Amino acid sequence: MTTRSETRTALDHLLTEIEHRNPAQPEFHQAAHEVLETLAPVLAARPEYAEPGLIERLVEPERQVIFRVPWQDDKGRVHVNRGFRVEFNSALGPYKGGLRFHPSVNLGVIKFLGFEQIFKNALTGLGIGGGKGGSDFDPHGRSDAEVMRFCQSFMTELYRHIGEHTDVPAGDIGVGGREIGYLFGQYRRITNRWEAGVLTGKGAGWGGSLIRPEATGYGNVLFAAAMLRERGEDLEGQTAVVSGSGNVAIYTIEKLTALGANPVTCSDSSGYVVDEKGIDLDLLKQIKEVERGRVDTYAERRGSSARFVPGGSVWDVPADLALPSATQNELDENAAASLVRNGVKAVSEGANMPTTPEAVHLLQRSGVAFGPGKAANAGGVAGSALEMAQNHARTSWTAARVEEELSDIMNNIHTTCHETAERYDAPGDYVTGANIAGFERVADAMLAQGVI
Ligand code: NDP
Ligand code: 2IT
Numbered sequence: 167m168t169t170r171s172e173t174r175t176a177l178d179h180l181l182t183e184i185e186h187r188n189p190a191q192p193e194f195h196q197a198a199h200e201v202l203e204t205l206a207p208v209l210a211a212r213p214e215y216a217e218p219g220l221i222e223r224l225v226e227p228e229r230q231v232i233f234r235v236p237w238q239d240d241k242g243r244v245h246v247n248r249g250f251r252v253e254f255n256s257a258l259g260p261y262k263g264g265l266r267f268h269p270s271v272n273l274g275v276i277k278f279l280g281f282e283q284i285f286k287n288a289l290t291g292l293g294i295g296g297g298k299g300g301s302d303f304d305p306h307g308r309s310d311a312e313v314m315r316f317c318q319s320f321m322t323e324l325y326r327h328i329g330e331h332t333d334v335p336a337g338d339i340g341v342g343g344r345e346i347g348y349l350f351g352q353y354r355r356i357t358n359r360w361e362a363g364v365l366t367g368k369g370a371g372w373g374g375s376l377i378r379p380e381a382t383g384y385g386n387v388l389f390a391a392a393m394l395r396e397r398g399e400d401l402e403g404q405t406a407v408v409s410g411s412g413n414v415a416i417y418t419i420e421k422l423t424a425l426g427a428n429p430v431t432c433s434d435s436s437g438y439v440v441d442e443k444g445i446d447l448d449l450l451k452q453i454k455e456v457e458r459g460r461v462d463t464y465a466e467r468r469g470s471s472a473r474f475v476p477g478g479s480v481w482d483v484p485a486d487l488a489l490p491s492a493t494q495n496e497l498d499e500n501a502a503a504s505l506v507r508n509g510v511k512a513v514s515e516g517a518n519m520p521t522t523p524e525a526v527h528l529l530q531r532s533g534v535a536f537g538p539g540k541a542a543n544a545g546g547v548a549g550s551a552l553e554m555a556q557n558h559a560r561t562s563w564t565a566a567r568v569e570e571e572l573s574d575i576m577n578n579i580h581t582t583c584h585e586t587a588e589r590y591d592a593p594g595d596y597v598t599g600a601n602i603a604g605f606e607r608v609a610d611a612m613l614a615q616g617v618i
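Just so we're aligned, residue 167 is where the sequence shown starts under my numbering, counting upward by one.
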């Protein structure tokens, strides 16, 4: 019988090896630490999981593709970006995960996102493996024509690696409906196949699922509501701080408002807006989705209830709930201390790994309900899997049906994480619950399918 402490020592050894074998990938190291550090209880309790090589296989992507993406801007100048697709684990289904276009993208960032995606996708209970991709291309300030040429060049290589039964990309930072449209068009042209299931997040008129654009934000609010319910509270009347002003933030704000909460902030990389009357979503959508503008314009047009704070930390705004929805490591220990001082009750991650490890520990030690991204933001990829199901059946469901399925999935994820944490002596610890529950499902499939 292996003890928890022997298992922990073995995991520490493996983590050191991961750092050596994957130099200069701090985000991937962080994600691997976050998962592996919670697995000791399950490895000690279930010896089959401690089989040599299982975790070693789990932390090594099945395939990694890196490619050149040359494109011409509107003045005819040639730019060269780097494209990535990391196909991490396909034990549960085709690789599934978004594409991120942001100048900070590198292999380590894509690997952290792909690794998270394995467990997140497992938690949905649906048949999807884990993958992620993207490019260091920066779409800010680029014309539609430039974005189209970039997407076409990106897909001219990516098409070889994807397919409805192989790998199904979707959106992430910098990739929304516009980009998915250009990518799908180029895939269709190159392959001469109308293969709806090759990408998700498509337009509703050409194979996209209703509610997919809303699914991540809506799902995160449903997860936060479930955490509050567990503590005998609900969303009604709660003040919320939300970071970001993209896809996830917008639909988080929409659902919070619909369920009676009061979201008072949004942000982008230039600073944040606080609006004491609550964010006016029509105005925010107009600025962000139509004009592709910045959040200071919101404060300018909104009038006296709103002000723009350049730079600064949105987490200094007092609130009952915090829903980080921008990017990784955006909520550090100081920010967590500020939230705790102001009496925050729950933090639910719409973004991937937005909370630093030190901040997570501080929030948990302070009794704050903490919903990790791989559980709380799984509604997005779950919505994508529902899009794949509709594409496969050549049908489309009503918005009400998709929303009902999404709600069931989020509540099931919450229950699974909660019960798994209790089973492993960590009551209320959704990080441990999510990691172990996701791990069990993937590990069972990997063991059943042999050493591959
Ligand atoms: P968008 O591109 O639509 O929006 C991103 C928002 O975050 C923008 O407001 C952007 O501001 C801000 N942001 C991005 N990077 C930074 C940075 N380095 N510093 C400060 N602000 C930043 O992306 P999404 O809303 O789709 O994604 C947000 C997060 O949610 C990401 O972590 C993503 O991985 C995660 N996620 C997304 C899902 C989806 O379905 N889209 C599903 C699950 C998780 P600016 O424009 O100034 O850069
Ligand atoms: O991080 C994520 O889960 C996403 N960006 C969504 C992935 C997807 O395939 O819908």
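In this text, a Cβ means the ideal position worked out from N, Cα and C, and glycines have one as well. Quick caveat: nothing in here was measured; it's all calculated off a predicted structure.
Per-residue burial, residue i [other beta carbons within 10 Å of its own, 16 or more giving buried]
i, result
"I618", "exposed"
"W481", "buried"
"T564", "exposed"
"N428", "buried"
"Q615", "exposed"
"E222", "exposed"
"E282", "buried"
"A311", "exposed"
"A535", "buried"
"A424", "exposed"
"D434", "buried"
"D240", "exposed"
"N247", "buried"
"S436", "exposed"
"A124", "In the structure displayed, the chain extends from 167 to 618; residue 124 sits before or after that span and is not available."
"E380", "buried"
"S479", "buried"
"W372", "exposed"
Range of the contiguous alpha helix (DSSP H) that encloses residue i
i, result
"R170", "170-187"
"T418", "413-424"
"T357", "343-357"
"L489", "Not the alpha helix (DSSP H): L489 falls in the beta strand (DSSP E), residues 487-489."
"I221", "220-224"
"R468", "461-468"
"R507", "499-507"
"L447", "447-451"
Strand pairing of residue i, partner residues [DSSP]
i, result
"Q191", "Looking at the DSSP assignment, Q191 forms no beta bridge with any residue, so it has no partner."
"T431", "V440"
"P476", "G437"
"N386", "Paired residues: none, contrary to the question."
"Q230", "V252"
"F605", "Partner(s): none; F605 has no beta bridge."
"A406", "P429, L487"
"T522", "Partner(s): none; T522 has no beta bridge."
"K247", "First, the residue type needs correcting, since residue 247 is Asn and not Lys in the sequence shown. V235."
Secondary structure of residue i, DSSP reduced to three states
i, result
"I618", "coil"
"L258", "coil"
"H584", "helix"
"P593", "coil"
"N557", "helix"
"P236", "strand"
"S624", "Missing from the structure shown is residue 624; the chain here goes from 167 to 618 and no further."
"P207", "helix"
"N578", "helix"
"H199", "helix"
"N543", "coil"
"L376", "coil"
"G537", "strand"
"H527", "helix"
"V275", "helix"
"L265", "strand"
"D610", "helix"
Range covered by the beta strand (DSSP E) that runs through residue i
i, result
"G437", "437-441"
* For the stretch 282-342, list the alpha helix (DSSP H) runs that are entirely contained and at least 4 residues long, ordered along the chain. => Here the runs fully enclosed are 310-324.
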